[in-house]
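Residue numbers (my numbering): 231 to 297.
Note that the Cβ used here is the ideal one computed from N, Cα and C, for glycine as well.
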């Protein structure tokens, strides 16, 4: 499965790395592509990972998840 999550507040390579690493720690996440300019994070995943878990992992890093 694939989803795109809009993330607000990412401005640099450190932000990108923090989000990338947080998502890759979730069981089932296969790949993460972060686009700093658009704020889009594209995640390829399988069960048991859920979008809700991904959003929570991003928020735990201090970023806001947009609509």
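#### Entry: Anticipated Cβ contact below 8 Å, residue 236 with residue 272, distance rounded
The residue you call residue 236 lines up with position 6 of the chain shown. The residue you call residue 272 lines up with position 42 of the chain shown. Contact flag wrong, Cβ pair sits at about 11 Å.
### Query
Tell me which same chain residues have a C-beta within less than 8 Å of the C-beta of residue 258, skipping the five on either side of it?
Here the question's residue 258 lines up with position 28 in the chain shown. Answer for residue 258: 275, 276, 277, 278, 279, listed in chain order.
#### Entry: Same chain, Cβ closer than 8 Å to residue 294, five either side skipped, listed in chain order
By one-based count along the chain shown, residue 294 stands at place 64. Within the same chain, and ignoring the five residues on either side of residue 294 in sequence, the residues whose Cβ sits closer than 8 Å to its Cβ are 237, 238, 239.
### Query
What does a CB cutoff of less than 7 Å around residue 254 pick up in its chain, not counting 5 residues either side in sequence?
Reading the chain shown from its first residue, position 24 is the one you call residue 254. These residues qualify, in order along the chain: 262.
### Query
For residue 283, which of helix, strand or coil comes out of DSSP?
For the purposes of this step, residue 283 is taken as the residue at position 53 of the chain shown. In the three-state reduction of the DSSP assignment, residue 283 falls in the helix class, which pools H, G and I.
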